[in-house]
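Visitor:
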Amino acid sequence: MRKFNIRKVLDGLTAVSAVASASSAAQQQQAGNRETEIQETLQSEHFQLCKTVRHGFPYQPSALAFDPVQKILAIGTQTGALRLFGRPGVECYCQHDSGAAVIQLQFLINEGALVSALADDTLHLWNLRQKRPAILHSLKFNRERITFCHLPFQSKWLYVGTERGNIHIVNVESFTLSGYVIMWNKAIELSSKSHPGPVVHISDNPMDEGKLLIGFESGTVVLWDLKSKKADYRYTHDEAIHSVAWHHEGKQFICSHSDGTLTIWNVKSPTKPFQTITPHGKQLKDGKKPEPCKPILKVEYKTTRAGEPFIILSGGLSYDTVGRRPCLTVMHGKSTAVLEMDYSIVDFLTLCETPYPNDFQEPYAVVVLLEKDLVLIDLAQNGYPIFENPYPLTIHESPVTCCEYFADCPVDLIPALYSVGARQKRQGYSKKEWPISGGNWGVITQSYSEIIITGHADGSIKFWDASAITLQVLYKLKTAKVFEKSRNKDERPNTDIVDEDPYAIQIISWCAESRMLCIAGVSAHVIIYRFSKQEVTTEVIPMLEVRLLYEINDVETPDGEQVPPVPTPGTGSNPQSIVPQSHPSTSSSSSDGLRDNVPCLKVKNSPLKQSPGYQIELVIQLVWVSGEPPQQITSLAINSAYGLVVFGNCNGIAMVDYLQKTVLLNLGTIELYGSNDPYRREPRSPRKARQPSGAGLCDINEGTVVPEDRCKSPTSAKMSRKLSLPTELKPDLDVKDNSFSRSRSSSVTSIDKESREAISALHFCETFTRKADTSPSPCLWVGTTLGTVLVIVLNLPPGGEQRLLQPVIVSPSGTILRLKGAILRMAFLDTTGSLVPPAHEPWREHYEDKDEKEKAKKRRPVSVSPSPSQEISENQYAVICSEKQAKVISLPSQNCIYKQNITETSFVLRGDIVSLSNSICLACFCANGHIMTFSLPSLRPLLDVYYLPLTNMRIARTFCFTDNGQALYLVSPTEIQRLTYSQETCENLQEMLGELFTLVETPEAPNRGFFKGLFGGGAQSLDREELFGESASGKASRSLAQHIPGPGGIEGVKGAASGVVGELARARLALDERGQKLGELEEKTAAMLYSADSFSKHAHEMMLKYKDKKWYQF
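Just so you know, our numbering puts 893 at position 908 of the sequence shown, and the rest follows in order with no gaps.
#1: What are the residues that DSSP puts in a beta bridge with C1102?
#2: Rank I120, H265 and C240 by C-alpha distance to the C-alpha of K257 and give the top, closest one.
#3: Here's the rule I'm using: 16 or more other beta-carbon atoms within 10 Å means buried, otherwise exposed. How should A7 be labelled?
#4: For P615, is the classification buried or exposed, using 16 other Cβ atoms within 10 angstroms of its Cβ as the cut-off for buried?
#5: Using 10 angstroms around the beta-carbon of T132, count the other beta-carbons present and answer buried if the total reaches 16, otherwise exposed.
#6: DSSP on A291, reduced to helix/strand/coil?
#7: Mind checking who E980 pairs with in its DSSP beta bridge?
#8: Alpha carbon to alpha carbon, how far is H186 from D210?
#9: Mind checking whether I898 and C911 have CB atoms under 9 Å apart?
#10: Look at the alpha carbon of T773 and the alpha carbon of S878, and state the distance between them as a whole number of angstroms.
#11: Among all the DSSP beta bridges, which residues are the ones paired with N112?
#12: Taking only three categories from DSSP, how would you classify K171?
#13: Please check the pair G84 and G65, which I expect to be a contact at CB under 8 Å, by giving their CB distance rounded to whole angstroms.
#14: Can R755 and S796 be called in contact, C-beta distance under 9 Å?
#15: Work out the CA separation of A451 and V351 for me, nearest whole Å.
#16: DSSP three-state label for Q91, please.
#17: What are the complete beta strand (DSSP E) segments, minimum 3 residues, inside the segment 758 to 821?
#18: By alpha-carbon positions, which one of A824, T619, P822 and R803 ends up nearest to S867?
#19: Measuring only the C-alpha atoms, how far is K707 from A626?
#20: Looking only at its chain, what residues have a beta carbon closer than 7 Å to the beta carbon of K36, apart from the 5 residues adjacent to it on each side?
#21: Tell me the DSSP secondary structure of I1035 in three-state form.
#22: May I ask you to report which of helix, strand or coil DSSP gives L398?
#23: To the nearest angstrom, report how far apart N127 and T769 are at their CA atoms.
#24: Does the separation of the CB atoms of E960 and R39 fall below 9 Å?
#25: Check for me: the alpha helix (DSSP H) holding F133 runs from which residue to which?
#26: Does DSSP put S47 in a helix, in a strand, or in coil?
#27: In whole angstroms, give me the CA-to-CA distance for P384 and F92.
#28: Can you tell me whether G659 is helix, strand or coil according to DSSP?
#29: If you draw a straight line from the C-alpha of G195 to the C-alpha of Q115, how long is it?
#30: Answer with buried or exposed for K56, where buried requires no fewer than 16 other C-beta atoms within 10 angstroms of its C-beta.
#31: Taking CB distances under 9 Å as the criterion, tell me whether C906 reaches chain C.
#32: Classify T21 as helix, strand or coil using the three-state DSSP reduction.
#33: Along the beta strand (DSSP E) that carries T647, what are the first and last residues, could you check?
#34: Throw me the rounded Cβ distance for the H510 and V604 pair, which I believe falls under 8 Å.
#35: Please classify N636: is it buried, with 16 or more other beta-carbons within 10 angstroms of its beta-carbon, or exposed?
#36: Does DSSP put E1015 in a helix, a strand or coil?
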C-alpha cells in the first residue's frame, strides 16, 4: 500500500498554481489578438438595476382597507409593506422605510390618497395618483401610542385614538395636529375611578357628524358631542369590547365582546343593551345565560332596502370546538351561515354599493384577509359562494423549494400550457365579475413571452405566464401522484431519507422547444415528463433504479460478494428493475440488517390515468446500498435531441437514455478523472473493521465523513468489493445493455472536502471535445464542486428506428479544465460571439403515428459525422463560471483566452449566461449582495451594484437570471420579487406599470326626502373647520407629535381632479410646501399666498352664491 504524503499534494498544488499564473500572462497577451475578432456591443450604459414588480400574497398581513369608489384594495403587513390591488393585472408594492408593522389603513375615498398607521406610532399619507406611490407627509407621535384611526367620508380631519384613551385630530392635508383633544377623563364619568383602557373604536353618527362614538377596551362606550365638548351618553358593559358598528340610521349600534356576545344598543337608552346575542353559544334551559365563547374580534352591521340587515362577524366560536377551523359568520334575518376558512382571519371588510354611511348599505361581498390567503364572498348568491381570485396569490400554496425563469419562449407554449391548465380549474365559483376593479393597465412594451416555473415542497410544479410584468398561473403538475402515499406516520416506509416533504422538488431542467421536463426530488428521485394534449392511461409506470454510492468503509461477509445483482432494465414494454423482496440484505432477518437495493419511495404498481399536459416518460430512483442512503441530487440536465438525461450528486454521475430506458453511465466522481486526478486519490487495500452504520449515516448528513469511492451501474453489480482496477481509466463498453460498467474500490486521501467531490454543473452541447478534434460532436460537459470541468463524448446512433435499437456509446474524453471554486454554469459561443444553444427537437404530439419515420429523419438536429466543409479554424468558445471566477476557453485548442476573478472574499450563488440587446453577457449574484455582469467573450465588468445581502437560503435557492435583462427571487415565503438589469426596461417601466388612480365621479349623496328637508331630520352636517381649525382650537402641543415631510412632495398632486375640490386640495398642499420654505423665499411665497387667497375668495363666492338657494331653484 502506498504511503500518502500531504506535503507532496500541497507542493503539487503550488506548482499547478505557479504554472497557471505564468500562463495567464501569456493568455492575456493572446487576448489582445482575439479582441479584434469579435465585436462586443454591450457597454456599461446598457445596464441599470431596479426592482420591477412583486407578485404573490403579502407576507404576514396585518391591515386591510377598500376604496368603494375607486374600487382599490390595500393590504398592510407586519414588515411595513403596502400592497395595492386594482383590476386583475393592476398591482403595486410600496414599503415604509421603518419596517414597522401596519396596524391600520384608511383611504381618502376617491381622492387618490391613503393614510397608514404604524406600530411605531407614525401616520403616513400616501399619494396614489402616481404609478409608484410615495409618502407626502408623516407624523410621528412621541408621547402616545396609536391604537385606532377613523377618517369620515369626504372629511379632511382624521381622528386618532391612543393607548391612554385620548383622541387627537389630524388635518390630513397639512398633516398637522389640531388643538382639539378629547381626554379620556372627560369622556368617562367622573365617578368612575378606573381607566377605561385604550381606544378600540371611533366613528361618527351616520346621521349626525357632530356626535362621535368612542369605544374603550374595558367595555365603556361614549357618545361625544363635538360642539359642546361633553359626553351625551355613556354605555357600560361588563365585557371587553373588540369592535363597534353603526346601523345606517344612526339610532342603533352594535358591539362585539370578548365573551363571544354581541350587544345592540339604542342610542338614547344607555342603561342596558336593547338586545344581547351569542351567535355560537349553546342556549341553556331555565333561562340561564349561554356558555361563554371565544371573543368576537370584529362585527359589521349592514342594511338593505329590500330585506333584513346583515350582521357579519369573525370569531365567537364556542370553546368546545377544538380543532375547528377559523370561521366567518354571516347572520341575515333568521339564517346564520358559518363559513370555514383555511387560515386564521386577520381582518374582513364588507363591500357596499354606497360610500355614504347614512344610506342603505346594500352589501354585495365580503373581503376576508386570512393569514395566507385573500377570499371574496358573494353575499348576493345563495350559499355565499366565493369569487375566483384572479391575482397570483397561490405561489405559496405549498412552500416554494426552487424556481426557474425563461424569457423569449416559443410563441405557442403559453397557449398550450393554458389550454391544459384550464381543465384543472375548480367549479362552484360565483358567476359575478371580480369586484375589485379599479385602476388601468400599463402599456405593454415587451413583445416576448416569459415563463416562471416553481417547484414546491409537496412535489407540485407550477407554470406561470410572466409576460409583461404580470403573473398568471397556467398549469399545475403533481409529481407525487406517481408514488404510493402512506396514510399515516406509522405506515411510512423506513427507507425515507427526509422526515418531511419526501416529494419536494430540488432541481428543474426544462427544454422549452421540445417541452421535455425533468425534475429531481429530495428523495434522490428523477422524473422525466413529456408534454401531450391527449389523455392516456399508463398500465405500468416505466422505472429504473440506479446504485450510486461512495462507500464509507468496507464490510467483510462470509462469501466475499457484497453487492447483489440488479436485473438489467430491458427496452421492452416493462422496463423496470425490480428488486426481489427475498433478498437477504432487504429482509428483516439479514445478518447485518442493512437496507440494500431499495429506493426511498415506492412507485405505484396500478395503472395511472394521465390527463393532458405533462405525462410520465420515466421514473429513476437512486437506491440504498449496504445500509447507506442515496445522496441528494445536486445537478441535472436533459437533452431532447439526444434523448438523454444526466444527473449527479456527491457520489458520482449517472446518465440515462430515456428513449431506450437504460442506464448508460454510472461512475464515481473520481473515476471520471482516470489517471489525471489532481488530488492523487488512489485505491488502497480495504479495511476489515467498519464503523457502526448509524454513525456513518449521521456523518453523511453532516457532510464531514471521508467516504470511500465506489460506484456501480446495475450491470456491474456482481463484482467483488476487493477488486481494484488500475488508475488508468479504460471504458468498458457493454453493447448488450448500453451501460458503462465500472467498479473500483478505493480508499481516499484524508482531505475531507476533496473526497466528497460533487457534480455541480452539467451541460449537453455539440462542440470540440479534444484538442485534436477537427469538428464538433455531441458531448456532455461536467463541472464539479472542486472546480474541475470534464468532458464526456457521446456517440449517438442514427435517427428514426435505429435510435431505439442501437446503443448510445459514452466515453470520457480525457479533457480536464480547472477553475477556482465550484462550477456553476457553462455555455458555448460561436466564432461571432453568439450563443450556441444545446441541440433540441421541436415538440410534436408523441401519440401521433402519421409519417413519423419520415418526419423523424428530417427533424434530426444532431450531426455526428464531421462535415468536410468545416475547417479547423471554425472554433468555439467555452464560457465557464464558478463560485470564484469565470474563464473563456478557445476550442479546440483549450487555451484560456480570458479570465476574470469575480470575487475574492465572497462567492457566486448564481451565474447565468444570458442574452441582452442582441448580445451575450454573464450575470452573477454574489453572497455579499452584489449583482454583476460581464461582457462576453472578453469578461469586461459592465455592472457591479450592491443589491441584497444573502439573508437566508431561500434567496440563494431561488435567485435566477434570464434573457432580456430579467431576474427574480423569492423575497418572502409567499412573494416573488422581479427585477431588471436592463437600462431599456428601466426606462420603459413607468409606462408598463398600471395606474391605481382613475377619474371616477363620486356617487350622489342620498336624497333626504321632501319632509325631512322641510321639517328637519336626516343627516346633520358639521363645519369641522370651525371646530378643529387653529382659530377655534388653538395650536397642538409641539412635543406631542413631529411632522416629517415626505419625498412625494407636491409632485403627487399634479394629477388632482379638476373642479373646486381638486383645486382647493392643490392650493392647500402648495401652501403647506411653500410655508416650509418661508424663510428662504419670502417674495415668491407672498405672491403664491396672494394667488391662493384670491382663489379661495372665488371659491367662497361660489359657495355663497348657491348657499341660500332651495332644492327646487337648482
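Even for Gly, the Cβ is constructed at its ideal location relative to N, Cα and C.
In this text, all values refer to a predicted model and were calculated from it rather than measured experimentally.
Guide: Let me spell this out:
#1: The shown model of the chain, from -14 to 1099, leaves out residue 1102, and the question about it has no answer.
#2: The sequence position of residue 257 within the sequence shown is 272, counting from 1. Considering only alpha carbons, the answer is C240.
#3: Within the sequence shown, the letter at position 22 stands for residue 7. Reliability fails at A7, whose pLDDT of 38 lies under 50, so the model's placement of it is uncertain and no value is given.
#4: On the sequence shown, position 630 is the one that residue 615 refers to. Buried, because 16 or more other Cβ atoms sit within 10 Å of the Cβ of P615.
#5: Within the sequence shown, numbered from 1, the residue matching residue 132 stands at position 147. Buried.
#6: Against the sequence shown, residue 291 aligns to sequence position 306. Reduced to three states, the DSSP call for A291 is coil.
#7: Your numbering for residue 980 matches position 995 in the sequence shown. Its beta-bridge partners are N425.
#8: Against the sequence shown, residue 186 aligns to sequence position 201. Against the sequence shown, residue 210 aligns to sequence position 225. Cα to Cα, H186 sits roughly 16 Å from D210.
#9: Working through the sequence shown from its first residue, we reach residue 898 at position 913. Working through the sequence shown from its first residue, we reach residue 911 at position 926. Using a Cβ distance threshold of 9 Å, I898 and C911 do not count as a contacting pair.
#10: By 1-based counting over the sequence shown, the position of residue 773 is 788. By 1-based counting over the sequence shown, the position of residue 878 is 893. If you take the alpha carbons of T773 and S878, they lie about 18 Å apart.
#11: In the sequence shown, counting from the first residue as 1, residue 112 sits at position 127. According to DSSP, which records beta bridges pairwise, N112 is partnered with A98 and A119.
#12: Translated into the one-based positions of the sequence shown, residue 171 becomes position 186. Residue state, collapsed to three classes: helix.
#13: Counted from its first residue, the sequence shown places residue 84 at position 99. Counted from its first residue, the sequence shown places residue 65 at position 80. Between G65 and G84 the Cβ distance is about 4 Å, and since that is below 8 Å, they are a contact.
#14: Taking the sequence shown and counting its residues from 1, one reaches residue 755 at position 770. Taking the sequence shown and counting its residues from 1, one reaches residue 796 at position 811. No, the pair does not count as a contact, with Cβ atoms beyond the cut-off.
#15: Working through the sequence shown from its first residue, we reach residue 351 at position 366. Working through the sequence shown from its first residue, we reach residue 451 at position 466. Distance between the alpha carbons of V351 and A451: 29 Å.
#16: Locating residue 91 in the sequence shown gives position 106, where the first residue counts as 1. Q91 falls in the strand class under three-state DSSP.
#17: 762 to 769, 773 to 780, 794 to 803 and 808 to 814
#18: Translated into positions along the sequence shown, residue 867 becomes position 882. Among A824, T619, P822 and R803, the Cα nearest to that of S867 is on R803.
#19: Locating residue 707 in the sequence shown gives position 722, where the first residue counts as 1. Locating residue 626 in the sequence shown gives position 641, where the first residue counts as 1. Because K707 sits at a pLDDT of 27, beneath the cut-off of 50, its placement in the model cannot be relied upon, and the point is left open.
#20: As a position in the sequence shown, residue 36 is number 51, starting the count at 1. Cβ neighbours of K36 beyond the five flanking positions: Q962 and L964.
#21: As a position in the sequence shown, residue 1035 is number 1050, starting the count at 1. Caution applies to I1035, whose pLDDT of 45 falls short of 50 and renders its modelled position unreliable; the value that the coordinates give is listed next. Helix at I1035.
#22: The sequence position of residue 398 within the sequence shown is 413, counting from 1. Helix.
#23: The sequence position of residue 127 within the sequence shown is 142, counting from 1. The sequence position of residue 769 within the sequence shown is 784, counting from 1. Answer to the nearest angstrom: the Cα atoms are 58 Å apart.
#24: Stepping through the sequence shown from its first residue, residue 960 is reached at position 975. Stepping through the sequence shown from its first residue, residue 39 is reached at position 54. A contact, by the Cβ cut-off of 9 Å.
#25: Taking the sequence shown and counting its residues from 1, the one referred to as residue 133 is at position 148. No alpha helix (DSSP H) contains F133, which is instead part of the beta strand (DSSP E) from I131 to H135.
#26: If you number the sequence shown from 1, residue 47 lands on position 62. Correct three-state label for S47: strand.
#27: Here residue 384 refers to the residue found at position 399 of the sequence shown. Here residue 92 refers to the residue found at position 107 of the sequence shown. Taking C-alpha positions only, P384 is separated from F92 by approximately 33 Å.
#28: As a first step, residue 659 is located in the sequence shown; it is residue number 674 there, counting from the start. Secondary structure of G659 (DSSP, three-state): helix.
#29: Position 210 of the sequence shown, counted from the first residue, corresponds to residue 195. Position 130 of the sequence shown, counted from the first residue, corresponds to residue 115. If I take the Cα positions, the gap works out to 34 Å.
#30: Start at 1 with the first residue of the sequence shown, and residue 56 comes out as number 71. That one is buried.
#31: Structure shown: chain C not included; a single protein chain is present.
#32: Within the sequence shown, residue 21 is the residue found at index 36, counting from 1. Because the pLDDT of T21 is 41, which lies under 50, any placement of that residue in the model is unreliable, and the question is left without a value.
#33: For the purposes of this step, residue 647 is taken as residue 662 along the sequence shown, with counting starting at 1. From DSSP, the beta strand (DSSP E) with T647 extends over T647 to G653.
#34: Within the sequence shown, numbered from 1, the residue matching residue 510 stands at position 525. Within the sequence shown, numbered from 1, the residue matching residue 604 stands at position 619. Contact holds; Cβ gap of about 7 Å.
#35: As a working note, residue 636 is residue 651 in the sequence shown. Buried is the call here.
#36: Numbered from 1 along the sequence shown, position 1030 holds the residue referred to as residue 1015. In the structure shown, E1015 sits in a helix (DSSP, three-state: H, G or I).
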